[in-house]
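Heads up, the thing below is written out as structure tokens.
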Amino acid sequence: MTFSLAEQVAQMVVVRASGFLFDHQIRYSLWEPPAQKLEHWLHDLGVGGVILVDGSAAELAIRTQLLQSWAKFPLLVAADVEEGVGQRFAGATWFPPLMAIGALADHSLEQAQLYAEKMGGITAQEALTVGLNWVLAPVVDVNNNPKNPVINVRSFGETPERVSHLATAFIRGCQGYPVLTTAKHFPGHGDTAIDSHLELPVIPHSDQRLAEVELPPFVASIAAGVDSVMMAHLLIPAWDSKNPATLSPVIVQEQLRQRLGFQGLVVTDALVMGAIAKLYTPEEAAILAVEAGADVLLMPLDPQVTIDAVCTAVKEGRISRERIEASVQRIRQAKAKVFPDWQPNTPYSPPSRDPQKLFYSLSQPSSQVLVQTILQDSLKQGGTLPLVVPNSPQPCRNLVIVDDLLNCSILGNHTPAIARPTQLGYRLQLIDCHDQEFSDLEQSSEPTLLQIFIRANAFRDSSGLTQIAQNWLNILLKQDHLQALVIYGSPYTLEQFLPQISPKTPYVFSYSQTPAAQEIALKVLWGI
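Just remember that my numbering sits 20 ahead of the position in the sequence shown, which is counted from 1.
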């Protein structure tokens, strides 16, 4: 099969789409095209892949089948399922963040590696079940900056050794299935205090420091056979003082390809992120990424603009045909792994999804047992436990602080953080970034259970939420109304708040924010 230049470049493009089935369900219309436009991109332009967000796992199984049926060529179908397929698609298995597994290595590295490998296997198996073939995981950044607003609990930990051991275990788990794995974000996004979704962070370290701390997990992942490496939108003056890593030939070619010997797919991080989109036009970002050596351009705002820009650069002699062909060859090799039965000169027919297979392949009891085990074993607790609810007519308050209630899938009337205290007679008060007033609490004298949901969130700097939580904690401590503290998410928030509370105050910490994590944490709090 002979590809035109435009078709070759189109194979290098992965577009974002909604995981929901129908247009009226789309949540991010700026980035997620309606069906007619998406079908045009896949069928007419021949775009090479799709990255999906939102929807249920069952819905996704139908959605991916539909997308493959529209496609001119079989698609790479990707998702950021760092914590399992259920993190993005409801109903599938949602694991605790990677740092929870990392914490277990304090007691037994061997046990933590076993959990990471099992997690990789379950994630890969469930991904295939719903039609995903590219797992954009594991995160191999070494999170050695407590103020990191974007990596945080997404990392296995704070040392290159721990991250290397657990990332390679995760990759091993995936390798029993025909899916692609991804080590991200090269050369390491762990030591930043700026979110690259918003601005361009600078990594000021020397080559020696990068070689000692940031690079080892990538070296280990490459040795373990990881299929792709995602570039980070970072400026690293020690290597290239002008170009972000994503757009740097020095970093992609000299560091990743030559120094580390990586031969697989190099994929950009999303090109709509502020670190790139605020500094470059869509056309220039695409051309620079290809010049740098990227094989896959992830989430350009408009694939037609991207394809046209790169084709023009080739026709003008700025980019060679050989450069394009090298990337297309790597993409073909990747597709041969995930479509072992497909012959390039024949039409591709996506497999049908059997509802029974879906039901018996997702969120199986063994998977849920593993989730529960990791949650329980990584839990932190202290103070005078269990908490005894005062036996008096005076009500207690359940004060819940969360980033954004309008964009929150982990809380509802049915979830334990809300339902359990309500059953015990607590009055609910919810606070998020839209509601920071203190007057109600200042006038109240109720004993207060303070529950804080705080972790790294893309496109949102979590430092503002930390300050909101600190302000509420200050008032509760000043008025001696803090009954107990539960933190879901960042261990750095626990480290910040723990010295401020009485040694007798009951506290529970979970790395995860899911309803399953809430249930376990509150059972420990009340001794249920």
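Think of the CB as a built atom: it goes at the ideal place given N, C-alpha and C, for glycine as much as any other residue.
Contact the region 42–59 vs the region 353–368: 3+ CB pairs below 8 Å: By the C-beta criterion, the region 42–59 is judged not to be in contact with the region 353–368, since fewer than 3 inter-stretch pairs fall below 8 Å.
Rounded straight-line distance, which links the Cα of residue 61 to that of residue 347: The residue labelled residue 347 in the question sits at position 327 within the sequence shown. The residue labelled residue 61 in the question sits at position 41 within the sequence shown. Answer to the nearest angstrom: the Cα atoms are 20 Å apart.
Beta strand (DSSP E) segments (min. 3 residues) lying fully within the region 285–356: 285–287
Whole alpha helix (DSSP H) elements within the region 470–509, 4-residue minimum: 483–498
Touching by the beta-carbon criterion (3+ pairs, under 8 Å), the region 482–496 and the region 366–379: Output reads no: the region 366–379 does not touch the region 482–496.
Continuous alpha helix (DSSP H) stretch holding residue 1: start and end: Outside the displayed span of the chain (21 to 548) sits residue 1, for which this structure offers no information.
With 16 other Cβ atoms within 10 Å as the buried cut-off, status of residue 254: Taking the sequence shown and counting its residues from 1, the one referred to as residue 254 is at position 234. With 16 or more other Cβ atoms within 10 Å, it is buried.
Residue 541 - partner residues in DSSP beta bridges: In the sequence shown, the residue the question calls residue 541 occupies position 521. For residue 541, which the question treats as bridged, DSSP gives no partner whatsoever.
Terminal residues of the alpha helix (DSSP H) in which residue 377 lies: By one-based count along the sequence shown, residue 377 stands at place 357. It spans 375–381 - the alpha helix (DSSP H) in which residue 377 sits, taken as one unbroken run.
Cβ-based neighbour list, residue 358, same chain, cut-off 6 Å, excluding 5 preceding and 5 following: The residue you call residue 358 lines up with position 338 of the sequence shown. Excluding residues within five positions, the ones whose Cβ falls inside 6 Å are 153 and 198.
Residue of 464, 190 and 308 minimising C-alpha distance to residue 103: The sequence position of residue 103 within the sequence shown is 83, counting from 1. Looking at the Cα atoms, 190 is the closest of the given residues.
Close-in-space but distant-in-sequence residues of the same chain around residue 231 (CB under 8 Å, 5 per side omitted): Here residue 231 is taken as the residue at index 211 of the sequence shown, counted from 1. For residue 231, where only same-chain residues beyond five positions count, there are no Cβ hits under 8 Å.
Under the three-state DSSP convention, the category residue 418 falls into: For the purposes of this step, residue 418 is taken as the residue at position 398 of the sequence shown. Strand at residue 418.
Residue span of the beta strand (DSSP E) that contains residue 205, given as start and end: Your numbering for residue 205 matches position 185 in the sequence shown. 202–206 is the extent of the beta strand (DSSP E) around residue 205.
Cβ-based neighbour list, residue 91, same chain, cut-off 6 Å, excluding 5 preceding and 5 following: For the purposes of this step, residue 91 is identified with residue 71 of the sequence shown, where counting begins at 1. Within the same chain, residue 91 has close Cβ partners 62.
Classification of residue 323 by the beta-carbon crowding that lies within 10 angstroms, buried from 16 upward: As a first step, residue 323 is located in the sequence shown; it is residue number 303 there, counting from the start. It is buried - the Cβ of residue 323 has at least 16 other Cβ atoms within 10 Å.
Buried versus exposed, by CB contacts within 10 Å (16 or more), residue 434: For the purposes of this step, residue 434 is taken as residue 414 along the sequence shown, with counting starting at 1. It counts as exposed.
Which listed residue (217, 503, 204 and 186) has its alpha carbon closest to that of residue 403: In the sequence shown, residue 403 corresponds to position 383, counting from 1. The candidate whose alpha carbon is nearest that of residue 403 is 503.
Cβ pair count under 8 Å reaching 3, the region 126–142 against the region 164–174: no
Cα-Cα separation, residue 307 to residue 35: Taking the first residue of the sequence shown as position 1, residue 307 is located at position 287. Taking the first residue of the sequence shown as position 1, residue 35 is located at position 15. Spanning the two alpha carbons is a distance of roughly 17 Å.
Beta-carbon proximity list for residue 148, same chain, < 8 Å, skipping 5 on both sides: As a first step, residue 148 is located in the sequence shown; it is residue number 128 there, counting from the start. Cβ neighbours of residue 148 beyond the five flanking positions: 197, 198 and 199.
C-alpha gap between residue 33 and residue 178, whole angstroms: The sequence position of residue 33 within the sequence shown is 13, counting from 1. The sequence position of residue 178 within the sequence shown is 158, counting from 1. The straight-line gap separating the alpha-carbon atoms of residue 33 and residue 178 is approximately 33 Å.
Cβ-Cβ distance between residue 99 and residue 109 below 9 Å: Taking the first residue of the sequence shown as 1, we reach residue 99 at position 79. Taking the first residue of the sequence shown as 1, we reach residue 109 at position 89. Yes.
Strand pairing of residue 400, partner residues [DSSP]: Mapped onto the sequence shown, residue 400 falls at position 380. Under DSSP, residue 400 forms a beta bridge with 529.
DSSP-derived helix/strand/coil call for residue 394: Mapped onto the sequence shown, residue 394 falls at position 374. Reduced to three states, the DSSP call for residue 394 is helix.
Residue range of the alpha helix (DSSP H) that includes residue 89: Residue 89 sits at position 69 when you count from the first residue of the sequence shown. Its alpha helix (DSSP H) spans residues 77–90.
Distance, residue 472 Cα to residue 431 Cα: Taking the first residue of the sequence shown as position 1, residue 431 is located at position 411. Taking the first residue of the sequence shown as position 1, residue 472 is located at position 452. Note on geometry: alpha-carbon atoms of residue 431 and residue 472 lie some 12 Å from one another.
Limits of the alpha helix (DSSP H) - the one that residue 184 falls within: Counted from its first residue, the sequence shown places residue 184 at position 164. It spans 180–194 - the alpha helix (DSSP H) in which residue 184 sits, taken as one unbroken run.
Secondary structure of residue 110, DSSP reduced to three states: The residue you call residue 110 lines up with position 90 of the sequence shown. In the structure shown, residue 110 adopts extended strand secondary structure according to DSSP, grouped into three states.
DSSP state of residue 69 mapped onto helix, strand, coil: Within the sequence shown, residue 69 is the residue found at index 49, counting from 1. In the structure shown, residue 69 sits in a strand (DSSP, three-state: E or B).
Option nearest residue 214 by Cα separation, candidates 484, 519, 508 and 543: Translated into positions along the sequence shown, residue 214 becomes position 194. For the residues 484, 519, 508 and 543, the minimum Cα distance to residue 214 belongs to 484.
Neighbourhood of residue 300 by C-beta, 8 Å cutoff - its chain only, sequence neighbours within 5 removed: Here residue 300 corresponds to residue number 280 of the sequence shown, with the count starting at 1. 267 and 308.
Contact the region 433–453 vs the region 533–543: 3+ CB pairs below 8 Å: Yes, the region 433–453 touches the region 533–543.
Alpha helix (DSSP H) segment containing residue 31, residue limits: Your numbering for residue 31 matches position 11 in the sequence shown. Looking at the DSSP string, the run of the alpha helix (DSSP H) that includes residue 31 is 25–31.
Proximity of residue 252 and residue 289 at Cβ, strictly below 9 Å: On the sequence shown, position 232 is the one that residue 252 refers to. On the sequence shown, position 269 is the one that residue 289 refers to. Taking a C-beta distance under 9 Å as the contact criterion, residue 252 and residue 289 qualify as a contact pair.
Proximity below 9 Å, CB of residue 219 to CB of residue 161: What you label residue 219 is simply residue 199 of the sequence shown in a count that begins at 1. What you label residue 161 is simply residue 141 of the sequence shown in a count that begins at 1. Their beta carbons are not under 9 Å apart, which means residue 219 does not touch residue 161 by this criterion.
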